[in-house]
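This report concerns only the one structure given below.
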Amino acid sequence: MPERDYSEDENYYSQGFERDGVVSIWLELAKHQEESEDDALQDCCGVGYYNLDHQETNYLDEVAHLDQLFADISYSDSFSKPPISKAKSMGIESAYWVLAQFNFAYDPSRVKREPTNELVFIGFFSYSTTQSNFGLNKSNNSLD
Numbered sequence: 737m738p739e740r741d742y743s744e745d746e747n748y749y750s751q752g753f754e755r756d757g758v759v760s761i762w763l764e765l766a767k768h769q770e771e772s773e774d775d776a777l778q779d780c781c782g783v784g785y786y787n788l789d790h791q792e793t794n795y796l797d798e799v800a801h802l803d804q805l806f807a808d809i810s811y812s813d814s815f816s817k818p819p820i821s822k823a824k825s826m827g828i829e830s831a832y833w834v835l836a837q838f839n840f841a842y843d844p845s846r847v848k849r850e851p852t853n854e855l856v857f858i859g860f861f862s863y864s865t866t867q868s869n870f871g872l873n874k875s876n877n878s879l880d
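All the letters of the sequence shown, read from the start, carry residue numbers 737 to 880 under this note's numbering.
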């Protein structure tokens, strides 16, 4: 539940972040002391409208390597290497939480509300829902 109703904001529906075939990734680097009721994208990232059905998260009670956080996110075999590499280039090797917003190309320069420092935006990356695009050994049609 967001801190407030943002639907009256002038750019709530017009930010234009929707884009098929890409996933936007955020990481949380500090452990929350208590369960938050914040809407991560609206309250922390300045996002207006987005499709909650296209969002996945993975939160662990302790800091974890990024590959462990991505392991339970859908289609992560098709996209996790680039965001992990980008995070490492930013000095990030582990986190408590990953948020993946599918079919969404976030651009922080297009939000009106200033993003907080609670989440680190890693970027948006192409992903595939087709199993043959990741992990399929074509020589014997089996998964690697």
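From the three backbone atoms N, C-alpha and C, an ideal C-beta is built for every residue, glycine too.
Distance between residue j and residue i (C-alpha atoms, nearest Å)
i: F861; j: G827; result: 19 Å
i: A800; j: S814; result: 20 Å
i: Y832; j: E850; result: 23 Å
i: I761; j: D779; result: 16 Å
i: L805; j: N794; result: 6 Å
i: T852; j: S845; result: 13 Å
i: F753; j: K848; result: 14 Å
i: L796; j: D808; result: 11 Å
i: N877; j: T866; result: The predicted model places N877 with a pLDDT of 38, which falls under 50 and marks its position as unreliable; any figure quoted below should be read in that light. N877 and T866: Cα-Cα distance of roughly 14 Å.
Run of the beta strand (DSSP E) containing residue i, from where it starts to where it stops
i: D756; result: E754 to E764
i: A776; result: Element bounds for A776: n/a, residue is neither H nor E.
i: N794; result: Q791 to H801
Where residue i falls: helix, strand or coil (DSSP)
i: I809; result: coil
i: D843; result: coil
i: Q751; result: coil
Extent of the continuous alpha helix (DSSP H) to which residue i belongs
i: I828; result: No alpha helix (DSSP H) holds I828; DSSP gives it neither H nor E.
Cβ separation of residue i and residue j, assumed to be a contact under 8 Å, to the nearest whole Å
i: E792; j: S810; result: 6 Å
i: G757; j: Y863; result: 7 Å
i: E764; j: E854; result: 7 Å
### Task
State whether the segment 832 to 842 contacts the segment 782 to 796, with contact taken as three or more CB pairs (one from each stretch) at a distance under 8 Å.
yes
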